[in-house]
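The sequence shown maps to residues 6 to 410 in this note's numbering.
Each residue gets a CB set at the ideal place from its N, CA and C atoms; glycine is no exception.
One structure is given here, and the rest of the page talks about it.
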Amino acid sequence: METCGSCSSNDLPKGCKNNGACGTGSCNTKLSVFDWLSNIHSPIFENQPQYIEVRFKNDRKDFYKNDSLLPISIGDVVAVEGNSGHDIGVVSLTGELVKVQMRKKKAKLEEIHKVYRKATAKDIEIWQNNRNKENAVMLEARRIAKGLGLQMKICDAEYQGDGSKVTLYYTAEGRVDFRQLIKDYAMAFRSKIDMRQIGYRQESAKVGGIGSCGRELCCSTWLTDFRSVNTAAARYQQLSINPQKLAGQCGKLKCCLNFELDTYVDALADFPSNQTVLNTEKGKAYCIKVDVFRKQMWFTYADNSISWYPIDIYDLQKLIELNKKGIAIKPLDELKEKEALKIDLIEENNLNRFENRNRSNNKRKNKNKSQQRKTNKAASPNPSNESKPAVNNSNQKKRAPKRPK
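Here it is, written out as structure tokens:
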């Protein structure tokens, strides 16, 4: 049974205490699904056939029919029907939510295989032994393909649960001649060989990795459907068309470019066209930048492209209407609104407010005030002080009192 280091240690459950069967993604399970219908028990579904979703190596999943009505829960290791023999996998989803996933992926009921049994200790031992050999098989398969001079890359190798078949996943630009390759693989691995070509996005999903955002790749954790991505998505989001920054681990455009595309399209519906030209008294102004978040468009003159002037889209629509009537608007520098002065009494936005320069300024001000006070006091006439001479008692010695005789 597959477990993770955070949930189990020395066969003792820790953390979520489900020993790798939590199904919430915290046990390093790829493409896990949260069963939000697990607590719903309706008598309507009792007489209906039961289906389960089984996860195999990496991103491979499939649906199976539980004809024997076995008590199966998420995380159980089961033996299921294969094309030849049986396969071993981990149950990733049960209940009515499986039917929702089947409708989403358009699974055909007549092609669904059945569940044989819960895996025994011997089944699990054979399965784990085959899994341990997959890395060496992949490297050997690469060496054989390279020796034949074939333009292909072996991405992954997967044994069937009973060890009767090896599936080799590969990527290639063109057609590959398998006649000699299959013979060499059969002699080297002593089992049935199944070759499956996958795309570069599927390769990243199987291999996995860390994206430029610092997180695991979406295709290897939760993304199941690969929608087409083109440079128009980057243009809508005002991104520079830089292939090195827009490409992911697979070498194709990043799938995350589609995540916020609908939001940008809805926001840009209120914006005028990027090809808008304003007719001003100084000449024609062209749009050079669009700020979606501030709802502004920046314009500049053709003969003075250094100076850019932001205009609110709602004010811009009024200016466009004036141009349509044949009226030339004022120069852009005169249309620029002056920002209102804001007085920050507590200097909340001042990064240097805690420095000692403020204290030194206060000391200097207090010193100037004391000097001004002394000057005013010396300049003001005081007759009482003039009539009495100053007496310095600092140099006089105090006499001790006489003792009585």
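Got a sec? Which residues, its chain only, sit under 7 Å from Leu337 by beta carbon, not counting five neighbours each side?
Answer for Leu337: Thr285, Ala290, Phe304, Tyr314, listed in chain order.
Pick out the complete alpha helix (DSSP H) segments inside the segment 219–281, 4 residues or longer, and give them in chain order.
Counting whole runs of 4 or more residues, the segment 219–281 contains the alpha helix (DSSP H) stretches 223–226, 236–241, 248–251, 266–273.
On the CB-based measure, 16 or more other CB atoms within 10 Å of its CB, does Asn137 come out buried or exposed?
With fewer than 16 other Cβ atoms within 10 Å, it is exposed.
Taking its Cβ as the centre, do 16 or more other Cβ atoms sit within 10 Å of Met157, making it buried, or is it exposed?
Buried.
Residue range of the beta strand (DSSP E) that Trp303 falls in?
Run containing Trp303: 301–306, per the beta strand (DSSP E) assignment.
Report yes if the CB atom of Val446 is closer than 9 Å to the CB atom of Leu155, and no otherwise.
With the chain represented from 6 up to 410, any question about residue 446 goes unanswered, as that position is not in the structure.
My output table needs one value for Glu101: the three-state DSSP class, helix, strand or coil.
In this structure, Glu101 counts as coil in the three-state DSSP scheme.
DSSP three-state call for Arg378: helix, strand or coil?
DSSP places Arg378 in helix when its eight states are reduced to three.
Using CA coordinates, which residue listed in Tyr306, Ser233, Lys330, Tyr56 is at the minimum distance from Val120?
Residue Tyr56 is the option with its Cα nearest to Val120.
Do Trp132 and Ala124 come within 9 Å of each other at the CB atom, strictly closer than that value?
It is a contact, given that the beta carbons lie within the stated cut-off.
Which term fits Val270, buried or exposed, when burial requires 16 or more other beta carbons within 10 angstroms of its beta carbon?
Exposed: under 16 other Cβ atoms inside 10 Å.
Opposite Asn71 in the DSSP bridges: which residues?
Asn71 is bridged to Gln55.
Under 9 Å between the Cβ atoms of Phe68 and Val103?
Result yes, Cβ atoms of Phe68 and Val103 sit closer than 9 Å.
Note down, in chain order, each residue of its chain lying with its Cβ closer than 7 Å to the Cβ of Ala272, except the 5 sequence neighbours on either side.
Val297, listed in sequence order.
Please report the distance separating the alpha-carbon of Gly216 from that of Gln106.
Between Gly216 and Gln106, the C-alpha separation is close to 27 Å.
Should Cys255 go down as buried or exposed, given a rule of 16 or more other Cβ atoms within 10 Å for buried?
That one is buried.
Given this structure, state the Cα-to-Cα distance separating Arg299 from Gly288, to the nearest angstrom.
In a straight line, the C-alpha of Arg299 is about 26 Å away from that of Gly288.
Does DSSP classify Gly30 as helix, strand or coil?
The predicted position of Gly30 is uncertain, since its pLDDT is 43 and thus under 50; a value taken from the coordinates is nonetheless stated next. Note: Gly30 maps to coil in three-state DSSP.
What residue does the beta strand (DSSP E) around Met157 start on, and which one ends it?
First-last for Met157: undefined, no H or E at that position.
Assuming the contact rule is C-beta atoms closer than 8 Å, Cys224 and Ala210 should be a hit. Round their C-beta distance to whole Å, please.
Confirmed, Cβ separation roughly 4 Å.
Give me, in chain order, the residues of the same chain whose beta-carbon lies closer than 7 Å to that of Asp317; leave out the 5 immediate sequence neighbours on both sides.
Correct list, in chain order: Lys300, Gln301.
Give me the residue from Leu186, Arg220, Asp128, Phe231 with the minimum Cα distance to Cys260.
Looking at the Cα atoms, Phe231 is the closest of the given residues.
Specify the secondary structure class of Asn284 as computed by DSSP and reduced to three states.
DSSP places Asn284 in strand when its eight states are reduced to three.
Is it the case that the Cβ atoms of Gln207 and Asp92 are separated by a distance below 9 Å?
No, the Cβ-Cβ distance between Gln207 and Asp92 is not below 9 Å.
Under three-state DSSP, which class holds Gln165?
Coil at Gln165, not helix or strand.
Where do the N-terminal and C-terminal ends of the alpha helix (DSSP H) with Ala193 fall, by residue?
Start and end: 184–194.
Taking the CB atoms as reference points, tell me whether Tyr190 and Ile203 lie closer together than 9 Å.
Taking 9 Å as the Cβ cut-off, Tyr190 and Ile203 do not qualify as a contacting pair.
Taking just the CA atoms, how far does Ile159 sit from Tyr205?
Those two C-alpha atoms are separated by around 12 Å.
Go to Lys119, then tell me how far its alpha helix (DSSP H) extends in each direction, as first and last residue.
First-last for Lys119: 118–123, but that is the beta strand (DSSP E), not the alpha helix (DSSP H).
Using three-state DSSP, classify Leu324 as helix, strand or coil.
Three-state DSSP puts Leu324 in a helix.
Would you report the Cα separation of Arg220 and Ser312, rounded to the nearest angstrom?
One C-alpha to the other measures close to 40 Å.
Please classify Ala210: does DSSP put it in a helix, a strand, or coil?
In this structure, Ala210 counts as helix in the three-state DSSP scheme.
Please state whether DSSP places Glu86 in a helix, a strand or coil.
Three-state result, Glu86: strand.
What is the residue span of the beta strand (DSSP E) that Asp199 lies within?
It spans 197–202 - the beta strand (DSSP E) in which Asp199 sits, taken as one unbroken run.
By DSSP, does Asp338 sit in helix, in strand, or in coil?
It is helical.
Quick check on Lys289: does DSSP put it in helix, strand or coil?
Note: Lys289 maps to strand in three-state DSSP.
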